[in-house]
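Step one of this worksheet: look at the structure below.
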Amino acid sequence: MPRVVRVGAAQLGPIARNEPREAVVERLCTLLHAAADDGCEFVVYPEAALTAFFPHWYIEDPRELDAYFEKAMPSGPVNRLFREAAERRVGFYLGYAEAAETANGRHHFNSAILVGRDGSIIGKYRKVHLPGVDHVRPELPFQNLERLYFEVGDLGFPVFDAFGGRIGMAICNDRRWPEVYRLMGLQGVELIALGYNTPLFNPDADQSPELRIFHNELCMQAGAYQNATWVVGVAKAGVEEGVHMMAGSCIIKPTGEIVAQCKTSGDELAIADCDLDACNEGKRSEFDLASNRRPELYGALVETG
Ligand code: CDT
């Protein structure tokens, strides 16, 4: 039986700092319905898709900061997204800021969930590779304070049985690290969903927007090819509160080729039929990881430099 999953990469344009959750969820639902009308069964939204990307600013007021975090998933306005997605039988990946209440207090993560076509949460991922710093640098035009606002994810890189295949998740800066794809590749991943909020300018480096766009595609295409997996990378794009964000959300097939891509910097869908069996060729030949890797040597190589 063919294992074709029709996927919608649901790019978002900017979200204003004062944009209510209800308005954002309305936008998510509009994309969801367009995807469902086009036959999609899985929609991928960006990183931190419910709010402006608040790590770009130092927020002194603890109550203002707290308002960016979800204390339960789903809750409040987000219930609507779960309800309408289940009604349309569309599953989704959703990035959000998570406040997790545990026995030893409250913990904050940059998280993503995988939701099935029946609206149930199949799995969660918490971002491991947090960019930026944990202190304010007033001289910069904008911050990346993810290391101030979030803890490093503690769930590893799990892969879930869903949509007839093996589905993994990553978040933004994770995509630049080959071990992220490989750890999921070793678990047989067939589609990696990945949301991002990437400024077109890096205040810490002299990089043109063109070079940054090249690196965005380079790392996701390499991750797809080297692990024979689909990768769906989805942006929050446009000018968000003065920060120019990268667009170019795309769907990449296991050969590393881009098969669908957004053209604008706003709310937009890119759709592709992702044949999970297209992973088989790579997984059985060049990237048959079990027969080609030499993990017994890698430790020694690292130790001897
Ligand atoms: N959100 C996130 O992870 N952003 C980083 C920005 C790095 S450059 C300032 C990224 O890798 O896209």
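Here the numbering used here is used: the first residue of the sequence shown is 1, the next is one more, and so on.
The beta-carbon is built from N, C-alpha and C at its ideal position, and this holds for glycine as well.
Original post:
What first and last residue would you give for the alpha helix (DSSP H) that runs through Cys29?
Top reply: Arg21 to Asp37
**OP:** Pick helix, strand or coil for Tyr181, following the three-state DSSP scheme.
**Re:** helix
**OP:** With a floor of 3 residues, list each beta strand (DSSP E) that falls wholly inside the region 108 to 170, ordered by position along the chain.
**Re:** 121 to 126 and 159 to 162
Original post:
Is the Cβ-Cβ distance between Ile15 and Glu217 less than 9 Å?
Top reply: no
**OP:** Label Val243 either buried or exposed according to how many other C-beta atoms from any shown protein chain fall within 10 Å of its C-beta, with 16 as the threshold for buried.
**Re:** buried
Original post:
Should Phe212 and Met246 be called a contact, given that it needs their Cβ atoms to be closer than 9 Å?
Top reply: The question names Phe, yet the displayed sequence has Arg at residue 212. Against a cut-off of 9 Å, the Cβ pair of Met246 and Arg212 comes out as a contact.
Subject >> Distance between Ile59 and Glu286 (C-alpha atoms, nearest Å) >> reply: 48 Å
**OP:** Using alpha carbons as the reference points, say which of Gly165, His215 and Glu281 lies closest to His192.
**Re:** Position check: residue 192 holds Ile in this sequence, whereas His was assumed. Here the closest residue by C-alpha is Gly165.
Subject >> Proximity to Gln187 [Cα-Cα], best of Asn227, Cys219, Pro178 and Asn202 >> reply: Asn227
Subject >> Closest Cα partner of Phe142 within the set Phe92, Leu200 and Pro2 >> reply: Leu200
Original post:
Three or more beta-carbon pairs under 8 Å between the region 88 to 99 and the region 128 to 135, yes or no?
Top reply: no
Original post:
Hey, is Asn197 close to the ligand CDT, as in C-beta under 8 Å from one of its heavy atoms?
Top reply: yes
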